[in-house]
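Going down the list, the sequences are from chains L and C. Position one of the first sequence corresponds to residue 45 (the working numbering), numbered consecutively onward. Position one of the second sequence corresponds to residue 45 (the working numbering), numbered consecutively onward. Beneath this line is the structure, given in structure tokens, with notes to follow.
Number of protein chains: 2
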Amino acid sequence: MTFKHGGFYLTPLLMLPGPTNVPERVLKALSRPVINHRGPEFRELYRSIFEGLRYVFQTEGYVFPLTCSGTGGVECAIFNLMDDGDKAIVAVNGEFARRMGEAVKAAGGQLVEIPIDWGKPVKAELVKEAVEREKNVKLVGVVYNETSTGVTSRELESIAKVAAEANALMVVDAISILGGEQLPVDKWGIDICITGSQKCLACPPGLSMISVSDKAWEALKRRKRPKTFYFDLLAYKRFHDERYETPYTPAVPLLFALDEALKMVREEGLEERFKRHARCARGLYAAAEALGLEALAEANARSNTVIAIKNPPGISDRDVIKVMREEHNVHIAGGMGKLRGSTFRIGSMGIVSEQDIIRTVEALEKTLLKLGYKLELGTGVEAARKAMK
Amino acid sequence: MTFKHGGFYLTPLLMLPGPTNVPERVLKALSRPVINHRGPEFRELYRSIFEGLRYVFQTEGYVFPLTCSGTGGVECAIFNLMDDGDKAIVAVNGEFARRMGEAVKAAGGQLVEIPIDWGKPVKAELVKEAVEREKNVKLVGVVYNETSTGVTSRELESIAKVAAEANALMVVDAISILGGEQLPVDKWGIDICITGSQKCLACPPGLSMISVSDKAWEALKRRKRPKTFYFDLLAYKRFHDERYETPYTPAVPLLFALDEALKMVREEGLEERFKRHARCARGLYAAAEALGLEALAEANARSNTVIAIKNPPGISDRDVIKVMREEHNVHIAGGMGKLRGSTFRIGSMGIVSEQDIIRTVEALEKTLLKLGYKLELGTGVEAARKAMK
Chain L
45 MTFKHGGFYL TPLLMLPGPT NVPERVLKAL SRPVINHRGP EFRELYRSIF
95 EGLRYVFQTE GYVFPLTCSG TGGVECAIFN LMDDGDKAIV AVNGEFARRM
145 GEAVKAAGGQ LVEIPIDWGK PVKAELVKEA VEREKNVKLV GVVYNETSTG
195 VTSRELESIA KVAAEANALM VVDAISILGG EQLPVDKWGI DICITGSQKC
245 LACPPGLSMI SVSDKAWEAL KRRKRPKTFY FDLLAYKRFH DERYETPYTP
295 AVPLLFALDE ALKMVREEGL EERFKRHARC ARGLYAAAEA LGLEALAEAN
345 ARSNTVIAIK NPPGISDRDV IKVMREEHNV HIAGGMGKLR GSTFRIGSMG
395 IVSEQDIIRT VEALEKTLLK LGYKLELGTG VEAARKAMK
Chain C
45 MTFKHGGFYL TPLLMLPGPT NVPERVLKAL SRPVINHRGP EFRELYRSIF
95 EGLRYVFQTE GYVFPLTCSG TGGVECAIFN LMDDGDKAIV AVNGEFARRM
145 GEAVKAAGGQ LVEIPIDWGK PVKAELVKEA VEREKNVKLV GVVYNETSTG
195 VTSRELESIA KVAAEANALM VVDAISILGG EQLPVDKWGI DICITGSQKC
245 LACPPGLSMI SVSDKAWEAL KRRKRPKTFY FDLLAYKRFH DERYETPYTP
295 AVPLLFALDE ALKMVREEGL EERFKRHARC ARGLYAAAEA LGLEALAEAN
345 ARSNTVIAIK NPPGISDRDV IKVMREEHNV HIAGGMGKLR GSTFRIGSMG
395 IVSEQDIIRT VEALEKTLLK LGYKLELGTG VEAARKAMK
């Protein structure tokens, strides 16, 4: 993907809302010879990953690596908890929350949606009203960071309290945020938390990681019948407890990579990592503002990992993406679901650095200028630089 | 995993019923920089994989790579086809067939098992009796090659005819055989065929591939509601038709590897590949016989990819595996399910070669001798050599 443009060879820069750039160390780990997933070397690998996952999830409980994408992780959470007709409240403020609702329906559950404007966060107050009105709620589902809108619902801790008071389980899709912003799973009382490998952990795609609280285990044991075989968490627990293995063949190369990626998280430290993500995001939002662009998310809900920007009048996100890719080898994404055609999204996750932000903003300035947008070159870069100081 | 023993460094040899040894070319492909799964490079990759999969499945229909293990592929097949209460007949002659039955139950289907002795193949006659007795059968499920018992059900084509005559869908778990022995999906009338990456295709684990016939699509479109979100084949079809993409983030490094592995299959040619698998298996069965060991499978049902051998009296499969691994760095597997503790299994798949067979038999001879079994060193190797001529 390295290509020549304007006399320079440009290496690709993935500023996508996943996958992100993957460090050389992690890429290299992928190519290790495959090992037997029923042998002693695997158990050592599994144990190391388990400890690394507990660190990033900030939990003393179980965390499992699943061989599937983040959507599979959400399916796992929902299908393990729902009996036929069980009621689930899902706050829908974007495409991924909508998908969680679809998973509830596929599991035979009764879905109660809390509709929220796309671009707005989930508020504890709204969830409280819903659980009080509905009664007998089995679970409350929230997407902590809506990848489709660049919105972080920062009242998550309060929302989890509301769910706990109603004796409902708190399920959190943290796919595009875990490892990039504060999320102490045990402390906040999250019963099931799901993330993906290719986001803030800077690992390649193909794995989803899921944590399970004691309260979730109790509910799981009471379920009438398993609604899934492949994702059955009791099987994962049994194999974990008995032999530090997974019940079915795992994606071993991706586990090698995940282990390496988790080591890098520990080397940097979670707090430092959160600060770096916040700093890079500040740079992008400041640049956008300086260039007269508008973020989709309202001020206090702006994501530090996915920056969604409204298309400037007369300019299509398709063209922005195309020019960014073809002339600058910087990869960003368009709008999703009902935001298709009106928004573009910049991922700022994983091993993202201030240099990456500067390169992205510089490419964006040139791209917009080429597409007919009025701006003075350097304005965005200067603003980003200042904001990241 | 390379280690020193008896003055020599020994590289590992995976003779497992999956994962298999992975060629250097394929391992290297894993480490390519990750690409955007919503960009043009991905579409090129996807198209190339699609054509390669059609070649190994011998189909003109759809084949999808799923991010999951083989068990996930089976769940996908079953969950897409079953409405609540639908009747599925599964011929159970081993652990993986048993698991297919579990998937039927998890999907809310009505499971009718045809119980068959472990070690025996599925006969068309038995399936015929069952579909005639049961009426209104939605699907017939068979494991073409039972990884747990080393049994290949070579009446598969006739079984598929029986299913078709009863207007039932034919679902085949071909996880440990596709690419290693004849299985023309279209010609034999297999409606859904599932395989895994880490078996005869010599790719690392983490992907399952699934083919879907026109008849299966018709059934799928008539289903009352989707029973799965992550595995919804209609979503896979839509994304395939519209953009040569997958609906959810795929395991991109594994797709790089799969593409390379499929190229190697085409370079060798399917027919040559089948012959090589048959030749290597002949070597192993001949060696076993010469050493006075007994295969679990009856003669005409012996698998060319998984060789299951009964423990010799007084010797445990655990010890055989341990000595093979620790002293020879040759990795084989034990018994599964109800065969745990009574059988050991040698995988002979993927890029397996005559040299690999000789090394395995030599290690096995020394291992058995050490464990107190009476044999003359070289007997097995000689028999294998002759059988592979």
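Idealized CB from N, CA, C, for every residue including glycine.
{"Item": "Top-ranked residue by Cα proximity to Thr-43 of chain C, from C:Tyr-329, C:Glu-398, C:Asp-276", "Value": "Because chain C here runs from 45 to 433, residue 43 of chain C falls outside it and cannot be looked at."}
{"Item": "Per DSSP, cross-strand counterpart(s) of Asn-189 of chain C", "Value": "C:Thr-196"}
{"Item": "Counterpart residues of Ser-252 of chain C in DSSP-defined beta bridges", "Value": "C:Leu-110, C:Gly-240"}
{"Item": "The region 96 to 112 of chain C: positions lying closer than 9 Å to chain L by Cβ", "Value": "Leu-110, Thr-111, Cys-112"}
{"Item": "C-beta neighbour in chain C for Leu-60 of chain L, strict 8 Å", "Value": "yes"}
{"Item": "Any C-beta of chain L under 8 Å from that of Asn-41 of chain C", "Value": "In this structure chain C extends from 45 to 433, so residue 41 of chain C is not present and cannot be described."}
{"Item": "Given Gly-381 of chain L as reference, the closest of L:Leu-71, L:Ala-263, L:Arg-142 once Cα atoms are compared", "Value": "L:Arg-142"}
{"Item": "Start and end residues, alpha helix (DSSP H) containing Gly-424 of chain L", "Value": "423 to 432"}
{"Item": "Contact list for Leu-71 of chain C against chain L, beta-carbon separation under 9 Å", "Value": "Leu-74, Ser-75, Arg-76, Pro-77, Val-78, Pro-297"}
{"Item": "Rounded separation between Glu-370 of chain C and Leu-213 of chain L - CA only", "Value": "47 Å"}
{"Item": "Sufficient close CB pairs (3 or more, under 8 Å) joining the region 295 to 306 of chain C to the region 243 to 255 of chain C", "Value": "yes"}
{"Item": "Range of the contiguous beta strand (DSSP E) that encloses Arg-389 of chain C", "Value": "387 to 391"}
{"Item": "Span separating the alpha-carbon of Gly-185 of chain C from that of Pro-228 of chain L", "Value": "45 Å"}
{"Item": "Among L:Glu-338, L:Leu-408, L:Asn-355, the one whose alpha carbon lies nearest that of His-372 of chain L", "Value": "L:Leu-408"}
{"Item": "DSSP beta-bridge partners of Glu-225 of chain C", "Value": "C:Leu-222"}
{"Item": "Interface flag, Gly-116 of chain C vs chain L, CB-CB below 8 Å", "Value": "yes"}
{"Item": "Chain L contacts made by the region 375 to 405 of chain C, where a contact means CB separation under 9 Å", "Value": "His-375, Ala-377, Gly-378"}
{"Item": "Beta-carbon neighbours of Lys-271 of chain L, restricted to chain C and to distances below 9 Å", "Value": "Ala-150, Ala-151, Gly-152, Lys-271"}
{"Item": "Endpoints, alpha helix (DSSP H) assigned at Asp-285 of chain L", "Value": "277 to 287"}
{"Item": "Supposed contact pair Thr-196 of chain L and Lys-165 of chain L - C-beta distance, whole angstroms, cut 8 Å", "Value": "The sequence shown places Pro at residue 165 of chain L, rather than the Lys named in the question. Yes, Pro-165 of chain L and Thr-196 of chain L are in contact; Cβ-Cβ is about 7 Å, under 8 Å."}
{"Item": "Residue interval of the alpha helix (DSSP H) (run including Gln-399 of chain L)", "Value": "398 to 414"}
{"Item": "Counted within 10 angstroms of its Cβ, other Cβ atoms place Gln-242 of chain C as buried (16 or more) or exposed", "Value": "buried"}
{"Item": "Minimum C-alpha distance to His-284 of chain L - residue among L:Ile-359, L:Glu-68, L:Glu-420, L:Glu-88", "Value": "L:Glu-88"}
{"Item": "Glu-361 of chain L - DSSP class collapsed to helix/strand/coil", "Value": "It is worth fixing the name first, because residue 361 of chain L is Asp in this sequence and not Glu. In the structure shown, Asp-361 of chain L sits in a helix (DSSP, three-state: H, G or I)."}
{"Item": "Residues that Pro-67 of chain L contacts on chain C, provided the C-beta gap is smaller than 7 Å", "Value": "Here the premise fails: no neighbours, minimum Cβ distance about 11 Å."}
{"Item": "Helix, strand or coil at Arg-346 of chain L [DSSP, three-state]", "Value": "strand"}
{"Item": "8 Å contact criterion, which Gly-424 of chain L and Leu-335 of chain L should meet: CB distance rounded", "Value": "5 Å"}
{"Item": "Residue span of the beta strand (DSSP E) that contains Leu-155 of chain L, given as start and end", "Value": "154 to 159"}
{"Item": "Amino acids of chain L, ordered along the chain, whose beta-carbon sits closer than 9 Å to that of Glu-119 of chain C", "Value": "Thr-272, Phe-273, Tyr-274, Phe-275"}
{"Item": "Test: Arg-437 of chain L CB closer than 8 Å to a CB of chain C", "Value": "Outside the shown range of chain L, which is 45 to 433, sits residue 437 of chain L, and nothing can be said about it."}
{"Item": "Contact with chain L by Ala-147 of chain C, beta-carbon distance below 8 Å", "Value": "yes"}
{"Item": "Helix, strand or coil at Leu-125 of chain L [DSSP, three-state]", "Value": "helix"}
{"Item": "Coil, strand or helix - His-81 of chain C by DSSP", "Value": "coil"}
{"Item": "Nonlocal neighbours in the same chain, by C-beta distance under 8 Å from Glu-178 of chain L, ignoring five residues either side", "Value": "Lys-131, Ile-133, Val-156"}
{"Item": "Helix, strand or coil at Asp-130 of chain L [DSSP, three-state]", "Value": "coil"}
{"Item": "Beta-carbon proximity list for Val-70 of chain L, same chain, < 8 Å, skipping 5 on both sides", "Value": "Ala-246, Cys-247, Pro-248, Ala-301, Glu-304, Ala-305, Met-308"}
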